[in-house]
Structures are given as C-alpha cells and as structure tokens.
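The next block holds one structure in the form of structure tokens; read it before the comments.
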Amino acid sequence: MSDRDTILTAVKAQIEPFNKKGVTVTEATTFQGDLEWDSLTVMDFVAAIEDEFDIIITMNMQAEIETVGQLVDAVAKLKA
Amino acid sequence: MSDDGVQSDLPAAAAAVPAERDLFDKFAPLIAEREALLSSGVRDPFGIVMEEVKSPTVAVIKGKETILLGTYNYMGMTFDPDVIAAGKEAFDKFGTGTNGSRALNGTFHDHMEVEQALREFYGTTGAIVFSTGYQANLGVISAIAGKGEYVILDADSHASIYDGCAMGNAEIVRFRHNSVEDLDKRLGRLPKEPGKLVVLEGVYSMLGDVAPLKEMVAVAKKHGAMVLVDEAHSMGFFGPNGRGVYEDQGLEDQVDFVIGTFSKSVGTVGGFCVSNHPKFEILRFVCRPYIFTASLPPAVVASAATSIRKLMHAHNKRAHLWENTRQLHGGLKRLGFRLPTDEPQSAVVAVLLEDQTQAVAMWHALLEAGLYVNVARPPATPAGTFLLRCSVCAEHTSEQIAQVIAMFEAAGRATGAIG
Chain A
1 MSDRDTILTA
11 VKAQIEPFNK
21 KGVTVTEATT
31 FQGDLEWDSL
41 TVMDFVAAIE
51 DEFDIIITMN
61 MQAEIETVGQ
71 LVDAVAKLKA
Chain F
81 MSDDGVQSDL
91 PAAAAAVPAE
101 RDLFDKFAPL
111 IAEREALLSS
121 GVRDPFGIVM
131 EEVKSPTVAV
141 IKGKETILLG
151 TYNYMGMTFD
161 PDVIAAGKEA
171 FDKFGTGTNG
181 SRALNGTFHD
191 HMEVEQALRE
201 FYGTTGAIVF
211 STGYQANLGV
221 ISAIAGKGEY
231 VILDADSHAS
241 IYDGCAMGNA
251 EIVRFRHNSV
261 EDLDKRLGRL
271 PKEPGKLVVL
281 EGVYSMLGDV
291 APLKEMVAVA
301 KKHGAMVLVD
311 EAHSMGFFGP
321 NGRGVYEDQG
331 LEDQVDFVIG
341 TFSKSVGTVG
351 GFCVSNHPKF
361 EILRFVCRPY
371 IFTASLPPAV
381 VASAATSIRK
391 LMHAHNKRAH
401 LWENTRQLHG
411 GLKRLGFRLP
421 TDEPQSAVVA
431 VLLEDQTQAV
441 AMWHALLEAG
451 LYVNVARPPA
461 TPAGTFLLRC
471 SVCAEHTSEQ
481 IAQVIAMFEA
491 AGRATGAIG
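Keeping their order, the protein sequence lines are chains A and F.
Read in order, the letters of the first sequence are residues 1 to 80 in the numbering used here.
Read in order, the letters of the second sequence are residues 81 to 499 in the numbering used here.
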C-alpha cells in the first residue's frame, strides 16, 4: 500500500464512529453534503484526525476541505 | 400591528422577490424553524420588550411586573445614583455624542477618565476603551496576530473571539473546551518560531463554568505564547480586587492582555483591553474596530468611570452576589434540575433541558409567572445543548431568589422537566 492508501484507510476508520447514516465512504464523499455533519461533529472529527496523525489542521485549512480525498491530500502534505 | 409590536413578521403586502435571485433563500430553514416554534403558541424568546425598567432586577414586560434573571447586570450598577448623576452631568457638559472616532475628534475628557479608572482598577500601565466588548475582541485579536502567526482558542469561545480570528490573517487552531492537555498537545505540534496568542475566557457564559487558567496559562507560557483572557463575566466579583478569574487564580504577572466590557458588571456599554505591555499604546493605530467607528457618548464613559471606581469598593455587593448564586444553584439542584456544574462556579447558573420544545416551554411558563431568563440553543451553546440561563444580580434579594426557585419548581413540574 502506498502512503496515500494508508492515510485513506486510517481516515475512513476515523470517519466510522461519526458516520451515523452509514454512508459508503469514498474519496468523493463530502463531509457536509453526504455525511451531513454539523459544525460540532466536524470539530470533534478534526480533533480525532489531528490526534491520529499528530498534526494540526488549522481552521483556515479546514475551510478548504470538502471531500474525503481533499482531507487525505491535506494530511499527506502535513505529514511530509 | 399585532401585539408582538416591533417583532411582527413582514406585512403580507410585501412585494415578492423572484426566487432565482433571492439571497434570502438560504435562511429558509431558520425561517421555517421560527415559524414552527411560534405557531406552537409560545411567545418569541428573541422578541422580548422591556416596557419599563424599575430596578436592576425588575422590569415590566407585556404589562406584567417581571423579575429579571437573564441580564448581565451582575453588580446591579444600572440604577446607582452616583453612576446616573455622572452620566447626567456629562450630558449637560459635553452633549449627547462625539460624532467621531477615538482616533480623530471622538476622545473627550471622560474617555481619558474612564481609561484612568481602568488602569487603577486593574493595576495595569495600559488601558484602551472600545465602543463595545465585541469590538475589543475583534480589534485586539485581529490586530496582534498577523499572517503566519497563530491564534489558539478554546472551542467554546464567544462569537466575538471567533469573529476576531476570522477578521485577521493568522492561522487559527482550536482546542477542546477547558482541556489543558489538548491545549498542550496542539501548541506542541505548532512550529516554534512564529508568534502565538492563546485566547481564553475566565467564565464561559453559556454554562457558567470557570476555566483552569492557572494550568492553561502555564502551558501557554511553556510554549512561548502570549495570553489573552476575556473576563467579561467575572469583573467585580472574582479575585481580591474583583479583576476576574485570572486574579483569583494568581496570574496577574502572567496574563498579557485582559479583555472586558462595560455592558455587564459596569452597567453601561463599551469594551476595553488592559495590559502591561510596554508597546500597548500602538494598538490605537492598528485596531480597525477602534479607529473606524464612533467613540462612546460622553455620558456613557462618565457613568462607566464612576461605576468602575465604585466597584473597587463594592465588597458587600460582591458577597451578596455570591450568596444569591449559592442559594439559586442549591435550590435548583435540590429540585432535581440538571445543572452543568456541581457547585456554583460563577454568577451564571444554567439549567440543562432535553430539547428546544422543552426549553421554550419552560421559558414560556416562567415568563408567564413573572420571571425572565435567557433561553439558549446551538450554535451559541456547546455540544447541542438547550438550556435556560440565569444570571444572578447582587441586587436580587434573598426573597426574590426564593420566589425564583418556587417559579422554577412550578414550571418544571408543569413541563415535565422535573418529576
């Protein structure tokens, strides 16, 4: 598995506890539209991702991230 | 006009806007929610009009004398005769308004006087007065944390702190509410070099919980960050000099900036920042919400100056405020209401309820009985909570608090909030 695949797998695992609707998660899945997360859920999820990868995703960066794929890219960049 | 007065919905005759360009479409869910709420027959929680205000603790609402337990008038200074006299005198001597910015023609004698009163109250070398507390946060946070620097804030921060972050160019990082460990972890992950500002609040106003400032400030300092504490909800009754939670926890030489307001304990309107920073005065030239707005009217700053000086010696009021808080918190707890803190931590006592329907039903029943409290809902509240917020005043009598507890008991049983 490439690094990116590893990150994607880990991100999907972090999404599951918040995936109340049981949406099938792909790279194209959007947090707001598909997963229907409100701002509080997003906050808890971001904190979980930050702790999982030992990174900081600033609120400025969060504003640019809409899909799972974009999040994976952001994590990959932050970990590089 | 309906009996809702100025809160009436738009008249039916209002012109229709073609749907394809109506920018208001995005408000449709909120409009629907409000319509559903009001059609259930309750009064509008966000449309209260005080027809007459009799004292810091009593007003007339819809013709009914009502106990006020939902104002931020913690120290009950709004009807203090000296505070009123100072305002009247300033009206006569300086007129009704300044017509300009603090930076140009809007600084009068009493603007300097109130800043001097603040320096004395807080024991600091610097004090800058803004037109509101909201603008103080907006101005200071957006100005001092610049591009490439970091603001680290508590997730439950007040809207003015979030808006100050949004207005500036710094990178914004959030940590879990009141979690020292989470703050430490996040600061540890940031690059060492850039400047950092940690923003905290002494009392968080929705649940009335107090921050573990001592531990949080120690963590911030360990990582080389400057610290700003908003003490809006603690002025006058925390710490030996009433300076706030940071004074109560012995942090006067470690907090870099304190933000406060005149609209709560001081009893007028206005905001401020106090600091011992040697270059503090430059903020007058870099805070846009200080420069590009009109300064406070002379009567407001004159009243504020007198009120602040009186608060320095208001030991009896302070003691009575804490007595009231303990009485209310204890009484509601005994009745079986769910309270967010086991002990009273501040002058805010919040009652947690199941959902919006129950919260509004409770609120409505209390208002009908002659008690005004705030109803609050997400996103203003943390983690999806619906609550009634009581803010206690030093001028409430013990009898009023006993009355309040009895009203809560009746409303709680009628709405099923307590058994």
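Virtual Cβ for every residue (Gly too), placed ideally from N, Cα, C.
Quiz prompt | Beta-carbon contacts of I485(F) that lie in its chain and below 6 Å, excluding the five residues immediately before and after | solution = G411
Quiz item: Among G282(F), N185(F), L198(F), L263(F), which one has its Cα closest to the Cα of S73(F)?
Solution: The requested residue 73(F) does not occur in the structure, where chain F is confined to residues 81 to 499.
Quiz item: Taking T38(A) as the reference, which of V72(A), F18(A), I7(A) has the closest Cα?
Solution: The amino acid occupying residue 38(A) in the given sequence is Asp; Thr does not appear at that position. Out of V72(A), F18(A), I7(A), F18(A) has the C-alpha closest to the C-alpha of D38(A).
Practice problem: Identify which residue in D333(F), M315(F), I371(F) has its Cα closest to the Cα of L198(F). | Solution: M315(F)
Self-check item: Pair within 8 Å by beta-carbon distance, L447(F) and V431(F)
Solution: no
Practice problem: Would you decide whether E479(F) is buried or exposed? Buried here means 16 or more other CB atoms lie within 10 Å of its CB. | Solution: exposed
Practice problem: Name, going along the chain, the residues of the stretch 455-489 of chain F whose beta-carbon falls closer than 9 Å to a beta-carbon of chain A. | Solution: P458, P459, P462, A463, G464
Quiz prompt | Beta-carbon proximity of V307(F) to L280(F), cut-off 8 Å | solution = yes
Self-check item: Within chain F, the residues that I7(A) reaches when beta carbons sit closer than 8 Å
Solution: Here the premise fails: no neighbours, minimum Cβ distance about 17 Å.
Quiz item: If you count every other CB in all the chains shown that lies within 10 Å of the CB of S56(F), and 16 or more means buried, which is it?
Solution: In this structure chain F extends from 81 to 499, so residue 56(F) is not present and cannot be described.
Practice problem: May I ask you to report which of helix, strand or coil DSSP gives V86(F)? | Solution: Residue confidence is low: V86(F) scores 48 on pLDDT, short of 50, so the model does not pin down where it sits. Its coordinate-derived value is still stated next. Three-state result, V86(F): helix.
Quiz item: Taking the alpha-carbon positions, what's the E273(F) to A300(F) distance?
Solution: 14 Å
Exercise. Under 8 Å by Cβ, that's how I've got S181(F) and N217(F) pegged, so tell me the actual separation to the nearest angstrom.
Key: Not really, about 19 Å apart at Cβ, beyond 8 Å.
Quiz prompt | Cutoff 8 Å: F45(A) Cβ touching any chain F Cβ | solution = no
Practice problem: State whether the stretch 346-364 of chain F contacts the stretch 281-297 of chain F, with contact taken as three or more CB pairs (one from each stretch) at a distance under 8 Å. | Solution: no
Quiz item: Closest Cβ-Cβ distance between L270(F) and chain A: below 8 Å?
Solution: yes
Quiz prompt | Sheet register partners of R418(F) (DSSP bridge) | solution = L432(F)
Self-check item: Buried versus exposed call for G464(F) [16 or more other C-beta atoms within 10 Å across all chains shown]
Solution: exposed
Quiz item: Would a C-beta distance cut-off of 8 Å place V440(F) and A207(F) closer than the cut-off?
Solution: no
Quiz item: So is A305(F) in contact with chain A if we call contact Cβ pairs under 8 Å?
Solution: no
Quiz item: Which of the residues in the stretch 27-51 of chain A, read from start to end, lie with their CB under 7 Å from any CB of chain F?
Solution: S39, L40, M43, A47
Self-check item: First through last residue of the beta strand (DSSP E) which encompasses C245(F)
Solution: Premise fails: C245(F) lies in the alpha helix (DSSP H), 239-247, not in any beta strand (DSSP E).
Quiz item: Quick one: what's got a C-beta closer than 6 Å to H409(F)'s C-beta in the same chain, skipping five residues either side?
Solution: P424, V429
Quiz item: Whole beta strand (DSSP E) runs in the stretch 374-412 of chain F with 3 or more residues, listed along the chain?
Solution: none
Exercise. Spatial neighbours of M296(F) within its chain, please: CB distance less than 7 Å, with the 5 preceding and 5 following residues excluded, ordered by chain position.
Key: V260, L263, L280
Self-check item: Bounding residues of the beta strand (DSSP E) (the contiguous stretch that carries F466(F))
Solution: 466-471
Quiz item: Quick one: what's got a C-beta closer than 8 Å to E131(F)'s C-beta in the same chain, skipping five residues either side?
Solution: A139, V140, I141, K142, G143
Quiz item: Any idea which residues DSSP pairs K276(F) with across the strands?
Solution: Y230(F)
Quiz item: By Cβ distance, which residues of its chain are closer than 7 Å to Q70(A), with the 5 residues on each side in sequence left out?
Solution: none
Quiz item: Is the Cβ of I224(F) closer than 8 Å to any Cβ of chain A?
Solution: no
Quiz prompt | Short-range partners of chain C found in the stretch 375-392 of chain F, where Cβ spacing is below 7 Å | solution = In the displayed structure, chain C is absent; the protein chains listed are A and F.
Quiz item: Using a threshold of 7 Å, is the CB atom of W443(F) nearer than that to any non-hydrogen atom of the ligand NAD?
Solution: This structure lacks the ligand NAD, and indeed carries no ligand of any kind.
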